[in-house]
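Visitor:
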Amino acid sequence: MSPPWQLATTARGSREPPVTRSRTRIDPIAAAATLTLLAGASETARTIGHHRGVSFNIREVVLDLERHAADQGWDQPVRVYALVPTADLIAQEPHLAGLLGVSEPVDAADLTPIEQEPLPEGVPIEEALGRMAWPEAVAGCALVMERLVVKGSDETLDPPRGADAAAWAAEQPGSEEIRMVAGVLRDGSRHSALRMRSHDSPDQVLNGQDLVPALTSALALTLEE
1 MSPPWQLATT
11 ARGSREPPVT
21 RSRTRIDPIA
31 AAATLTLLAG
41 ASETARTIGH
51 HRGVSFNIRE
61 VVLDLERHAA
71 DQGWDQPVRV
81 YALVPTADLI
91 AQEPHLAGLL
101 GVSEPVDAAD
111 LTPIEQEPLP
121 EGVPIEEALG
131 RMAWPEAVAG
141 CALVMERLVV
151 KGSDETLDPP
161 RGADAAAWAA
171 EQPGSEEIRM
181 VAGVLRDGSR
191 HSALRMRSHD
201 SPDQVLNGQD
211 LVPALTSALA
221 LTLEE
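By the UniProt record's numbering, the letter at position 174 of the sequence shown is numbered 174, and the numbering carries on one by one without gaps.
Structure below.
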């Protein structure tokens, strides 16, 4: 039986039931590296989300994923994560407790990001997100992606098909490479973080609720029933 945080895909507005794209890849190593233990008060009320009566801090999830992405370096593919209550994850997959370094009792407010299978190649991100649907067991979702933006604008640039992305980006005048991390919960709580390649240090990371509103709104739609 597939785990209850398996990502399914469906065309928005289609009358057909969601079709499972593939079994979720629960990678214990990746999960351990991105384990998020959430506790304490939030800085702003909108970063606290609720799922099944439990409060989660989406800001902490996003910042942990940003640090994890920074450790992996630049020129990485788009990554999508299911945000699953850690207690539910351990109950479903008990063997992951040791691999994740989690001991009983598990805090009900803990979330674990679970990396999903790569998005289909050649499919625009907007279209790929429009096909996503999450089961109820998932409290939220997050996405990590790199983009080339025109400085002083919200315009993004995409390399030609088959081009070396890093080399192409270096040749574009007046542009900036950024890494965006966005996360949302089912109740609409959201947060995002931005890191510029030219200012690649932890103290230069920007974060806030509305830095990439189009992306967080698109992610929120994937959680709608």
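Cβ coordinates follow ideal geometry from the N, Cα and C atoms, glycine included.
(1) Short check: CB of Pro113 to CB of Leu65, under 7 Å?
(2) Taking 8 Å as the limit between beta carbons, can you name the residues of its chain near Val61, skipping five residues before and five after?
(3) Would a C-beta distance cut-off of 7 Å place Leu129 and Ala218 closer than the cut-off?
(4) When DSSP labels each residue in this structure, what does Ala214 get in the three-state scheme?
(5) Give the straight-line distance between the Cα atoms of Leu215 and Val181, rounded to the nearest whole angstrom.
(6) So what's Ile26 in DSSP terms, helix, strand or just coil?
(7) Quick check on Met145: does DSSP put it in helix, strand or coil?
(8) Which same chain residues, not among the five before or five after Val106, have their C-beta less than 7 Å away from its C-beta?
(9) With a threshold of 16 other CB atoms inside 10 Å of the CB of Glu115, please say whether the residue is buried or exposed.
(10) Using CA coordinates, which residue listed in Asn57, Ala137, Arg131 and Asp75 is at the minimum distance from Arg147?
(11) Output the distance between the C-alpha atoms of Met132 and Gly98, rounded to the nearest integer angstrom.
Guide: In terms of the structure at hand:
(1) Walking along the sequence shown from the start, residue 113 turns up at place 113. Walking along the sequence shown from the start, residue 65 turns up at place 65. The answer is yes: Cβ separation under 7 Å.
(2) In the sequence shown, counting from the first residue as 1, residue 61 sits at position 61. Answer for Val61: Thr36, Leu38, Leu83, Leu111, Pro113, Gly140, Ala142, Gly183 and His191, listed in chain order.
(3) Residue mapping note: residue 129 aligns to position 129 of the sequence shown, counting from 1. Residue mapping note: residue 218 aligns to position 218 of the sequence shown, counting from 1. A contact, by the Cβ cut-off of 7 Å.
(4) The residue given as residue 214 occupies position 214 in the sequence shown. In this structure, DSSP gives Ala214 a helical state, which the three-state scheme calls helix.
(5) Along the sequence shown, read from residue 1 onward, the residue named residue 215 stands at position 215. Along the sequence shown, read from residue 1 onward, the residue named residue 181 stands at position 181. For Leu215 and Val181, the gap between their C-alpha atoms comes out near 9 Å.
(6) As a working mapping, residue 26 is identified with position 26 in the sequence shown. With a pLDDT of 32 at Ile26, under the threshold of 50, the modelled position of that residue is not reliable, and the figure given next carries that caveat. Correct three-state label for Ile26: coil.
(7) The sequence position of residue 145 within the sequence shown is 145, counting from 1. It is a strand residue.
(8) Against the sequence shown, residue 106 aligns to sequence position 106. Cβ within range, chain order: Thr86, Ala87 and Ile90.
(9) Here residue 115 corresponds to residue number 115 of the sequence shown, with the count starting at 1. Burial call: buried.
(10) Here residue 147 corresponds to residue number 147 of the sequence shown, with the count starting at 1. The shortest Cα separation from Arg147 among Asn57, Ala137, Arg131 and Asp75 belongs to Asp75.
(11) For this step, residue 132 is matched to residue 132 along the sequence shown. For this step, residue 98 is matched to residue 98 along the sequence shown. Rounded to whole angstroms, Met132 to Gly98 spans 31 Å at the Cα level.
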